[in-house]
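**Q** Residues in the sequence shown are numbered from 144 upward in steps of one, following our numbering.
C-beta: ideal position from N, C-alpha, C; glycine also.
Note that the structure is predicted; figures quoted are calculated from it, not measured.
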Amino acid sequence: MHIVGTAGHVDHGKSSLVIALTGHNPDRLIEERERGMTLDLGFAPLQLSDGLEAGIIDVPGHERFLHNMLAGAAGMELLLLVIDATEGPRPQTFDHLRILDFLNVGRAIIVLTKRDLVDAESLAIAEALSREAVAGTVAQDAPVVAVSSLTGEGIAQLKTLIGEALAALPLRPQDAPAYLPVDRVFALPGHGTIVTGTLMQGTIKTGDTLMLQPSGLEVRARSIQTFGRKVESASGGARVAVNLPGIDVHAIRRGEALVAAREFAPVSELNVQFTPLPQALRLLKRRTPVRAHIGSDEIPGVLIFAGPPPADSTPLPARLVLTRQTVVYPGSRLIVRRMSPKDLLGGAVAGSPAARAQSAQRSLQEGDAVPSRALDAIEAAGLAPLASAQIAATLNVVLAKAQSDIDALVASGSVVALAKPLAYVSRAASDRAFDRVARWLEQRRRRASWVLGAATADIARELELAEPLAARLLAAWHDDGRLALTGRFWHLPDAAVELTSAQRDFFVHELREDPANPLFPVSFDALMERARAARIEGLTDAIETLLATGALVRIGDDVYRRAQIQRARALLAQLLKDGAGATMAQVRDAFGTSRRYALPLMEHFDGVGLTIRDGDIRRLRKVTPVKALG
Ligand SMILES: Nc1nc2c(ncn2[C@@H]2O[C@H](COP(=O)(O)OP(=O)(O)OP(=O)(O)O)[C@@H](O)[C@H]2O)c(=O)[nH]1
Ligand SMILES: [Mg+2]
Numbered sequence: 144m145h146i147v148g149t150a151g152h153v154d155h156g157k158s159s160l161v162i163a164l165t166g167h168n169p170d171r172l173i174e175e176r177e178r179g180m181t182l183d184l185g186f187a188p189l190q191l192s193d194g195l196e197a198g199i200i201d202v203p204g205h206e207r208f209l210h211n212m213l214a215g216a217a218g219m220e221l222l223l224l225v226i227d228a229t230e231g232p233r234p235q236t237f238d239h240l241r242i243l244d245f246l247n248v249g250r251a252i253i254v255l256t257k258r259d260l261v262d263a264e265s266l267a268i269a270e271a272l273s274r275e276a277v278a279g280t281v282a283q284d285a286p287v288v289a290v291s292s293l294t295g296e297g298i299a300q301l302k303t304l305i306g307e308a309l310a311a312l313p314l315r316p317q318d319a320p321a322y323l324p325v326d327r328v329f330a331l332p333g334h335g336t337i338v339t340g341t342l343m344q345g346t347i348k349t350g351d352t353l354m355l356q357p358s359g360l361e362v363r364a365r366s367i368q369t370f371g372r373k374v375e376s377a378s379g380g381a382r383v384a385v386n387l388p389g390i391d392v393h394a395i396r397r398g399e400a401l402v403a404a405r406e407f408a409p410v411s412e413l414n415v416q417f418t419p420l421p422q423a424l425r426l427l428k429r430r431t432p433v434r435a436h437i438g439s440d441e442i443p444g445v446l447i448f449a450g451p452p453p454a455d456s457t458p459l460p461a462r463l464v465l466t467r468q469t470v471v472y473p474g475s476r477l478i479v480r481r482m483s484p485k486d487l488l489g490g491a492v493a494g495s496p497a498a499r500a501q502s503a504q505r506s507l508q509e510g511d512a513v514p515s516r517a518l519d520a521i522e523a524a525g526l527a528p529l530a531s532a533q534i535a536a537t538l539n540v541v542l543a544k545a546q547s548d549i550d551a552l553v554a555s556g557s558v559v560a561l562a563k564p565l566a567y568v569s570r571a572a573s574d575r576a577f578d579r580v581a582r583w584l585e586q587r588r589r590r591a592s593w594v595l596g597a598a599t600a601d602i603a604r605e606l607e608l609a610e611p612l613a614a615r616l617l618a619a620w621h622d623d624g625r626l627a628l629t630g631r632f633w634h635l636p637d638a639a640v641e642l643t644s645a646q647r648d649f650f651v652h653e654l655r656e657d658p659a660n661p662l663f664p665v666s667f668d669a670l671m672e673r674a675r676a677a678r679i680e681g682l683t684d685a686i687e688t689l690l691a692t693g694a695l696v697r698i699g700d701d702v703y704r705r706a707q708i709q710r711a712r713a714l715l716a717q718l719l720k721d722g723a724g725a726t727m728a729q730v731r732d733a734f735g736t737s738r739r740y741a742l743p744l745m746e747h748f749d750g751v752g753l754t755i756r757d758g759d760i761r762r763l764r765k766v767t768p769v770k771a772l773g
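#1: Between the region 279-295 and the region 252-266, can you find at least three pairs of beta-carbon atoms closer than 8 Å?
#2: Following a CB-centred definition, is Val541 positioned closer than 6 Å to any heavy atom of ligand 1?
#3: Looking at C-alpha atoms only, which residue of Ala691, Arg315 and Glu264 is the closest neighbour of Met144?
#4: Measuring CB atoms only, is the region 367-381 touching the region 406-425, in the sense that at least three cross pairs come out at less than 8 Å?
#5: If we count Cβ pairs, one from each stretch, closer than 8 Å, do we get three or more for the region 431-442 versus the region 473-486?
#6: Tell me whether the beta-carbon of Gly156 lies closer than 7 Å to the beta-carbon of Val225.
#7: Helix, strand or coil: which one does DSSP assign to Thr754?
#8: From this set, Arg467, Arg430 and Ala741, which residue's C-alpha is nearest Ala449's C-alpha?
#9: Give me every residue whose Cβ sits closer than 5 Å to any heavy atom of ligand 2, in chain order.
#10: Based on the DSSP secondary-structure assignment, which residues constitute the bridge partners of Thr165?
#11: Tell me, to the nearest whole angstrom, how far the beta carbon of Ile298 is from that of Val147; I am working on the premise that it is less than 8 Å.
#12: Measure how close the beta-carbons of Glu595 and Phe632 come, nearest whole angstrom, since I'm counting them as under 8 Å.
#13: Going by DSSP, what residues sit across from Gln368 in a beta bridge?
#14: Give the straight-line distance between the Cα atoms of Arg365 and Leu353, rounded to the nearest whole angstrom.
#15: Quick one: give me the first and last residue of the alpha helix (DSSP H) that Val471 is part of.
#16: If you run the structure through DSSP and keep just helix, strand and coil, what is Met354?
#17: Can you tell which of Asp326, Glu264, Ala285 and Ala674 has its C-alpha closest to the C-alpha of Ile200?
#18: Within the continuous alpha helix (DSSP H) that includes Pro801, where are the two ends?
#19: Report, in whole angstroms, the separation of the C-beta atoms of Pro188 and Phe370, which I expect to be a contact under 8 Å.
#20: To the nearest angstrom, how far is it from the Cα of Ala163 to the Cα of Ala524?
#21: For Gly198, write down the residues that DSSP places opposite it in a beta bridge.
#22: Hey, is the region 558-576 in contact with the region 598-605, meaning 3+ C-beta pairs nearer than 8 Å?
#23: Can you name the start and end residues of the beta strand (DSSP E) that Phe417 belongs to?
#24: Once the 5 residues before and after Asp154 are set aside, which same chain residues still bring their CB inside 8 Å of it?
#25: Does the beta-carbon of Pro234, which I'm using as the reference point, lie nearer than 6 Å to any heavy atom of ligand 1?
#26: Are there any heavy atoms of ligand 4 lying less than 6 Å away from the beta-carbon of Val153, as far as the coordinates show?
#27: From what residue to what residue does the beta strand (DSSP E) around Val540 run?
#28: Would you check whether ligand 1 has a heavy atom nearer than 6 Å to the C-beta of Leu608?
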């Protein structure tokens, strides 16, 4: 389905034309009918001869209700520019045209109304003036048709032109996440709250869980209608009414967007490409207070240029800082007016230039290689991991589609999954970072051969990354076997430490075995103190390395050599063989130490799962067969 929109100056015959085309009066408010003037948006279904159906949005022409016109304008794809043949183009003809030129209109038809009131000569003048008015806009080459809504003249011809134009419009993206700017909210007795709007993209199905943004209310689509008919699903370009149970009608208003639940994150700042209107250039400052018309919403904010304000109408990057949150998709088009008075300033397209180029490309070749676009997005983010929902939002596709493409990229090896929270970086970015870390570790080892590797914090500093992110990358490299972890040191798997001869002499001297007391440890604090006093290069680092590799084992303040631990294990195996138990006193005697050393040592063995404590008795922990095999 597509959306046809009327536009034009007040009283030029827009609503009468809608009645002539559809038989439906779009002026639904009593006040509108009494005053003979449209105040708010009106809607009507248009049936064409070949079974084609479209929705018509009728807008008020009066300048005072321009904000209402703007609330419905973004959904229009085919513009009926309505011009009174007796008057020709008037101010709102131009204003509406300028607005729609920035939005999503793909085709236009110029409709000269009140044909019954003019002669051929006046009609020719009106047509010439109209042609002039549309020069340089989306309606530049639009066909012109003269009609009378009173007599019906020209209406059949107009319908034919509408049919042709609709057939030429591109389909709206179907695999994009649903985005419906709400233009009406009302309650139906027995049904509760109903919202209506133009589904800009995506699909809404009965039972879908959706989100109202920016209010953040999770809602369920109980039932869906398009033009009074109940349907199971509606897709991009349809006029849709959705019944939302459990939502207070007063909790929401026009301007809210009903969107797919997980793909949209509300933002209050937008990077846009802004196109100023020539007549607005003199009003633009580096920072200009504005009203941004996004979807059906009107949000006060500030339009900010990085440099001086534009001198001509060439599109330029700008930032929109809003006073309220909103949701947009890449390529969303919006209108910017001055805060006060409300002059039209220009149009803007949301998203980074890359995202916009992608979305432009995408509408050209619908359904093209999304995986490669997902890879582009992940690669563009460098080492900043992207979650699936962020990738879906960047690509403007539903989450399920994005996820299956990401999974394929992970399977093919071009994307790496990081854990906690699950997010993705490109293999290329991960490899570049790994190479940097590997080179740096190697250099360090050459400079200080007694240092095994580096702690997470050191590597984070080297990569200029936040420590939690560095930890996630390191874990991924550890998982694929490129990096080993010993103690708190990350190192290349084949990295070997080498002590200097001065360091070795120190340890030989300080840690020599006492033949009389082979299981006596040394005090860690005392060892460190002597190490510092010895003034040997890298000695304290070397102690840390020996502790990390298990050459030394620290238990409380006691430090044992690996050989001592092995000896204690052997003594225990002998003492506790065949399920025998032993008291602490027996263990102490077997070790030939005192209770002061034996107790922490036994707690260490309990902790590593060698022994188990049963009251005062220690036994060997039974090794399960599976573990024994491993
Ligand atoms: N004779 C004649 N009168 C027309 C025709 N079309 C509209 N009118 C009259 O023009 C007046 C305005 O028509 P509307 O259809 O309300 O105009 P509009 O553009 O919807 O006006 P707004 O919504 O207020 O901007 C009404 O009195 C209509 O009856 C036509 O084709 N012929
Ligand atoms: Mg009207």
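**A** Let's see:
#1: Enough Cβ pairs lie closer than 8 Å, so yes.
#2: no
#3: Arg315
#4: no
#5: yes
#6: Cβ distance < 7 Å, so Gly156 and Val225 count as in contact.
#7: strand
#8: Arg430
#9: Lys157, Ser158 and Thr181
#10: For Thr165, which the question treats as bridged, DSSP gives no partner whatsoever.
#11: With 8 Å as the limit, Ile298 and Val147 do not qualify as a contact, their Cβ atoms being about 14 Å apart.
#12: The question names Glu, but residue 595 is Leu in the sequence shown. Yes, they are in contact, since the Cβ atoms of Leu595 and Phe632 sit about 5 Å apart, within 8 Å.
#13: Lys373 and Ala384
#14: 11 Å
#15: Looking at the DSSP string, Val471 is not in any alpha helix (DSSP H), and its letter there is neither H nor E.
#16: strand
#17: Asp326
#18: Only positions 144 to 773 of the chain appear in the structure, and residue 801 is not among them; the question remains open.
#19: 4 Å
#20: Their backbone Cα atoms lie some 53 Å apart in a straight line.
#21: Ile146 and Pro188
#22: Counting Cβ pairs under 8 Å, fewer than three are found: no touch.
#23: Val410 to Pro419
#24: Closer than 8 Å at Cβ, skipping near neighbours: Met180, Gly204 and Asp227.
#25: no
#26: In the structure on display, ligand 4 does not appear, and the ligands it does have are ligand 1 and ligand 2.
#27: For Val540, no beta strand (DSSP E) encloses it, and the DSSP letter there is neither H nor E.
#28: no
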